[in-house]
Amino acid sequence: MRLHRALLSVQILLFTLVQLCQAENVFLDAKDALSVLKRHRRANSFFEEAKKGDLERECIEEVCNHEEAHEVFEDDVETETFWKQYKVCILPVKPIEREELLGCLNGVCYTGNGAGYEGTISLTKSGRECQRWSRNYPHRIKYSSVTHPEANLLENYCRNPNDSIYGPWCYTKDPTVQSEECYISKCGETLPPLPTMLPSPTLNPSSEPCEQNSGLFYGGTLNRTRSGRTCQAWGSQHPHKHNYTHLRSEDNYCRNPDLDEEGVWCFTTDPDVEMEYCSLSYCDDLMNQQQDYDIDVSDETIAGRTIGGSYQPFFKPSYFGKGEMECGLRPLFERINKKDSGEDELIESLSGRIVHGTDAQRGSAPWYEKLTEKIVAIDKILIHPLYNWKTNLDRDIALLHLKKPIEFTDYISPVCLPSRKITVRLMNEGHKARITGWGNLEETWINGVDHLPTNLQQVQLPIVNQADCRASTKVPVTRFMFCAGYQATDSQRGDACVGDSGGPLVMKNPEDNRWYQMGIVSWGEGCDKDGKFGFYTFTFKVKMWIKKVMELFKRRRG
């Protein structure tokens, strides 16, 4: 077995405060807000037709005792459920009016300080939607069903687990507002109208001009970076040396000479900051429109190198190591002309958070194994400068620099990063990808051993077109994301789940028999829910950023 030493191993890190991969819109529009406020009755309503008359007579028109309530329901469980809420609603200090009592029992209003409120309203007084009590995003919660089981902290319903004098409240989905009182009245009181809802954020308003193809053909005069630094002239080698002298006629204007999906950039006049991206508005091209670029995807020119035909390395061996030429060729499979058990399904589709997954074969994911792994210290974490954890986890990626090199083995092997040609070839609706992970086998609040796999899990999911991805969520979906999963009408199921974040989504290219990491498990709204998909960082879109960071890091360290 030949060992390969990597000087810098590129790993992918989900650097986020999200534990259960949730990123959702903060404000509801008027229609959605009203639908939330109309969800007043419980599934087990106390006023079923068969018992309505008896209940009205015994416990609404008059105050009843436990025995009388039991005579109405004739069931211990139903009686206890009713009696628990009834005791909360019947005030010991003063009589409660009939309509107030009905509203309290149905969760429309609350009595006292609302500590016993168990309705289903999930909207705050400012119109913000409540964060789920089982989530730690965007706010890390102090109260949960685990810490306060008696508080009935279900879904994202308003509650008062800390006996606040201001009534039921919730954590909000707005990263700037941790918690707020809910839009629920005290029984007998009237609420003011909800404030006007803020419009949902849009990535590129139609009235705002945008640059096509990540600014590849931008010819404007912008010469400052996002941070406000002045651009160095392309014809100058001071303070930073570079190989883009053919752009000397472009003065010091922001340009995109290397087909960087991030957009236009420049070297800066700051000796301590070599390069930065410039701030332009880019058209949010759909994932599958990459072939519209005015270039030949079968013959790419990147930073002066022509890449076409057989696999060519993208990174320099001096900072990647000697393993890139053999990337995506698993020692226990492709290198000995052997297929794994799920491979045919992927190839056929070309012509968890793993939920509903299967055990992966030993050695089938050498870029993500366990028990055969090597533990290596990390000495530097390089987060994407435009990573947006507050809104939608955009550009959800970081690079890890290892303190010591690693040795490739039969069970530790690098995966390839895709070229534009590979991306256009593989990233199409319906083509299947493989996701592997050690996360929960089902959606759950507790990350206990009962919910974790003993073997690496894998699931194979189809790529979803970007329009369906966007329609499935209120979270802004950018060109740096894509989604995968089955439609609600499909017979097959599967998804990633808690603990899988940061893991790889890979696809196999039958033309060169190599595996490519097309995405990184990023976020989702629950696990394996109908109408919802898993979202992934689009690896190809950040590939050039990875290269630039590695080159800069190498130069600074000598």
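Quick note on numbering: the sequence shown equals residues -23 to -1, 1 to 535 in mature numbering (1 follows the signal peptide of the UniProt record, and there is no 0). We put the beta carbon where it would ideally sit given N, CA and C, even for glycine.
Here the alpha carbons of Leu376 and Gln434 stand approximately 24 angstroms from one another. Where Phe530 is concerned, there is no enclosing beta strand (DSSP E), although the alpha helix (DSSP H) around it starts and stops at 516 to 534.
Under the three-state reduction of DSSP, Pro290 is assigned to coil, being neither helix nor strand. Using a C-beta cut-off of 8 angstroms, the segment 493 to 505 makes contact with the segment 369 to 387, since at least three inter-stretch Cβ pairs fall below that distance.
The beta carbons of Asn133 and Pro145 sit no closer together than 7 angstroms. In the structure shown, Arg411 falls within a strand segment according to DSSP collapsed to helix, strand and coil.
In the DSSP assignment, Arg491 falls within the beta strand (DSSP E) that extends over 491 to 500. The segment 402 to 411 and the segment 376 to 393 do not touch, with fewer than three beta-carbon pairs separated by less than 8 angstroms. Residue pairing by DSSP puts Pro439 in a beta bridge opposite Lys409. The closest CA to that of Asp140, considering only Ser295, Gly91, Met527, Lys218, is found on Gly91. Judged by beta-carbon spacing, Thr245 lies beyond the 7 angstroms limit of Glu239, meaning their Cβ atoms are not closer than that value. In this structure Asn442 touches Glu406 by the C-beta definition: roughly 4 angstroms separates them, less than 8 angstroms. Gly508 has its alpha-carbon roughly 26 angstroms from the corresponding atom of Ser122. Apart from sequence neighbours up to five positions away, the residues of its chain that approach Gly165 with a beta-carbon distance below 6 angstroms are Glu77, ordered along the chain. Distances from the alpha-carbon of Arg397 to those of Phe515, Pro453, Thr386 put Phe515 closest. Buried is the label assigned to Leu438, since at least 16 other Cβ atoms lie within 10 Å of its Cβ.
Taking the CA atoms as reference points, Leu482 sits about 19 angstroms from Glu488.
Counting only the Cα atoms, Val519 lies some 11 angstroms from Leu236.
Nearest Cα to Ile383 within the set Ala354, Thr202, Trp522: Ala354.
Membership of Cys260 in any beta strand (DSSP E) is not indicated, and neither H nor E is assigned to it by DSSP. By the criterion of a C-beta distance shorter than 6 angstroms, Leu193 is surrounded in its chain by Asn233, once the five residues flanking it on both sides are discounted.
Of all alpha-carbon atoms in Pro115, His116, Ser111, the one lying nearest the alpha-carbon of His125 is that of Ser111. One thing to note: Glu311 has its Cβ within 7 angstroms of the Cβ of Asn490. The shortest C-alpha to C-alpha distance from Asp356 to any of Leu171, Ile374, Ser226, Lys380 is the one to Lys380.
Cβ atoms of Gly414 and Phe459 stay farther apart than 8 angstroms, at about 17 angstroms. In this structure Pro169 does not touch Gly104 by the C-beta definition: roughly 12 angstroms separates them, more than the 8 angstroms allowed. Looking only at Pro290, Lys409, Glu44, the smallest Cα-Cα distance to Ile324 is reached by Lys409. Relative to Glu95, the option among Tyr114, Cys81, Gln209 whose CA is nearest is Cys81.
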